[in-house]
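Residue numbers (this note's numbering): 38 to 469.
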């Protein structure tokens, strides 16, 4: 059984591409089942956040499994393969495991060390388990990644002072409008990201905030915690006229703000700019709004310029976290390698036993004059010789199976003993 990862993230694809491949939590179970039914994989999990979508599968054939996932992503996006493929990365085996552990530890995030990704990895596993598509390989893989993420935050300072998307959004608001404390802010959405934005605004003593959400009860719950007012999404056009900065994170599948809504608002603002900070993927603010005079739109990719995300300034913490990741991945790989090589060793010993018994029977027929006691001694001798001959190769195969390149050693041993059809080798990274 092989582990394959196909995905894209903020480093490989812009938000305009990522939003086409963003899975809502309510969509994931059904799409996981479709992926399994389509064939090529026996286990599957989807990790989808504002900055990445990654599909993990366990499959018998690496090429077939990879093709099935790429086709699955293209179908979901409604795009041709040659349109989507340039943005995808592919990892297999040890490299796939290492990648997921780095993701869980916050080492592959836009904002190094951010904490939200750990919960998102846990949710991805829970959704796959709920859909019935997380078997022993992916369950063990995700559990190892979660341990790496927890240990990285508990044993290093990687998470201390780490910026979040919500913190970066508020920081951006103060950068684009230094007198933001006097400005009217419209907060659209009432989910986790909006909660964190609200918390950061409150800490800065910001009082002029209105909260809009599709579910009014949720908007009231968030607004009342800070003494703010609420409105419905139907009231957005009038609310935009009074707002100076709009921070949006609804998780809606389509934009909630478009050019037709914003154009008349800008015409009545008398050249007063309207700033949009769009934290949603898919985007809440239609890209066409950016073309309107007086509208300034920032999306989640623009947050790179707001916070210092350079690894060099946090090198010690990053190095410590990388060591933890390596430790957990190698522990997982030991289990995985032993699981993969077990049928090869078993078949190798079975084959040796068949040959021993065949040759022993031939010899004993020619030595029929021997007593039963002597024949039994010969049987024991032949078994001891076989065990001695196979002991060292068995130990070596088990040891080498734990290394990232162990599959080559195991494959050679399988061919040497004529049991290559039993080999379910782990695979290493291949890009394509």
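Cβ coordinates follow ideal geometry from the N, Cα and C atoms, glycine included.
| query | Going along the chain, which residues of its own chain have a beta-carbon closer than 8 Å to the beta-carbon of residue 56, five neighbours each way excluded? | reply | So the qualifying residues of the chain are 318, 319, 320.
| Would you call residue 356 buried or exposed, if buried means 16 or more other Cβ atoms sit within 10 Å of its Cβ? | Exposed is the call here.
| query | Roughly how many whole angstroms lie between the Cα atoms of residue 118 and residue 161? | reply | Looking at the two C-alpha atoms, the distance is approximately 25 Å.
| request: Within its chain, find whatever has a CB closer than 7 Å to the CB of residue 276; leave out the 5 residues flanking it on each side and keep chain order. | output: Within the same chain, 223, 247, 249, 268 come within 7 Å of residue 276 by CB-CB distance, once the 5 residues on both sides are set aside.
| Touching by the beta-carbon criterion (3+ pairs, under 8 Å), the segment 200-220 and the segment 235-243 | Contact between the segment 200-220 and the segment 235-243 is present, because at least three Cβ pairs lie under 8 Å.
| Same chain only: Cβ atoms within 7 Å of residue 382, ignoring 5 sequence neighbours per side | Contacts found: 431, 434.
| Cα-Cα separation, residue 46 to residue 88 | Their Cα atoms are separated by approximately 5 Å.
| task | Compare the C-alpha of residue 121 against each of 58, 217, 65, 167 and name the closest. | result | Each of 58, 217, 65, 167 was checked against the Cα of residue 121, and the nearest Cα belongs to 58.
| query | Which one of 51, 43, 44, 42 has the shortest CA to CA distance from residue 341? | reply | Taking only the C-alpha atoms, the option nearest residue 341 is 51.
| message | Strictly by DSSP, which residues pair up with residue 261? | response | Beta-bridge partners assigned by DSSP to residue 261: none are found.
| query | Which one of 436, 398, 371, 417 has the shortest CA to CA distance from residue 174? | reply | Nearest C-alpha to residue 174: 371.
| request: Rounded to whole angstroms, what's the CA-CA distance from residue 264 to residue 270? Just pull it up for me. | output: When only Cα atoms are considered, residue 264 and residue 270 end up about 20 Å apart.
| When DSSP labels each residue in this structure, what does residue 309 get in the three-state scheme? | The three-state reading of DSSP puts residue 309 in coil, since its state is none of H, G, I, E or B.
| message | Just to confirm the assignment: which complete alpha helix (DSSP H) runs, minimum length 4, are found wholly within the segment 120-189? | response | Listed in chain order, the complete alpha helix (DSSP H) runs (minimum 4 residues) inside the segment 120-189 are 130-141, 153-168.
| Beta-carbon proximity list for residue 326, same chain, < 6 Å, skipping 5 on both sides | Cβ within range, chain order: 296, 299, 332, 334.
| request: My understanding is that residue 41 touches residue 185, with C-beta atoms under 8 Å, so please give their C-beta distance in whole angstroms. | output: Incorrect: roughly 20 Å between the Cβ atoms, too far for contact.
| query | Smallest Cα separation from residue 242: which of 258, 221, 367? | reply | Ranking 258, 221, 367 by Cα distance to residue 242 puts 221 first.
| Run of the alpha helix (DSSP H) containing residue 359, from where it starts to where it stops | For residue 359, the enclosing alpha helix (DSSP H) begins and ends at 352-403.
| message | Among 316, 259, 278, 305, whose alpha-carbon lies nearest the alpha-carbon of residue 285? | response | Answer by Cα proximity: 316.
| message | I need the straight-line Cα distance from residue 136 to residue 155, nearest angstrom please. | response | Taking the straight line from one Cα to the other gives about 14 Å.
| contact_flag[the segment 77-91, the segment 139-151] where n(CB pairs < 8 Å) is 3 or more | A contact exists between the segment 77-91 and the segment 139-151.
| request: Could you name the residues of the same chain whose beta carbon sits closer than 6 Å to that of residue 193, not counting the 5 residues immediately before and after it, in chain order? | output: Scanning its chain for C-beta atoms nearer than 6 Å, with the 5 sequence neighbours on each side dropped, one finds around residue 193 the residues 354, 357, 358, in chain order.
| What is the DSSP secondary structure of residue 246, counted as helix, strand or coil? | Here residue 246 sits in strand by DSSP.
| said: Please give the ranges of any alpha helix (DSSP H) in the segment 195-257, keeping only runs that are unbroken, at least 4 residues long and fully inside the region. | reply: Within the segment 195-257, the complete alpha helix (DSSP H) runs of at least 4 residues are 202-213, 229-240.
| DSSP three-state assignment for residue 315, whether helix, strand or coil | Residue 315: strand per DSSP, three-state reduction.
| message | Among the candidates 313, 437, 410, whose CA atom is the shortest distance from the CA of residue 374? | response | The candidate whose alpha carbon is nearest that of residue 374 is 437.
| What residue does the alpha helix (DSSP H) around residue 76 start on, and which one ends it? | Residue 76 -> no alpha helix (DSSP H), and no H or E assigned at all.
| Between the C-alpha atoms of residue 401 and residue 392, what's the straight-line distance to the nearest angstrom? | Their backbone Cα atoms lie some 14 Å apart in a straight line.
| In this structure, what does DSSP give as the bridge partners for residue 85? | Beta-bridge annotation (DSSP): residue 85 is paired with 90.
| task | Write down the C-beta distance between residue 259 and residue 231 rounded to the nearest angstrom, noting that I regard them as a contact closer than 8 Å. | result | By a beta-carbon distance limit of 8 Å, residue 259 contacts residue 231. Their separation comes to about 7 Å.
| request: Determine which residues share a DSSP beta bridge with residue 334 and list them. | output: For residue 334, which the question treats as bridged, DSSP gives the partners 313.
| query | Any heavy atom of the ligand GTP closer than 8 Å to the CB of residue 224? | reply | Looking at this structure, you won't find the ligand GTP or any other ligand, since it has none at all.
| task | Look at residue 283 and residue 343 and say whether their C-beta atoms are less than 9 Å apart. | result | No; because the gap between Cβ atoms is not below 9 Å, this pair is not in contact.
| Using CA coordinates, which residue listed in 157, 64, 256 is at the minimum distance from residue 287? | If you compare the alpha carbons of 157, 64, 256 with that of residue 287, the shortest gap goes to 256.
| said: Taking DSSP's pairing of strands, which residues face residue 111 in a bridge? | reply: Paired residue(s): none; residue 111 is not in a bridge.
| query | Distance, Cα to Cα, residue 384 vs residue 452? | reply | Spanning the alpha carbons of residue 384 and residue 452 requires a straight line of approximately 12 Å.
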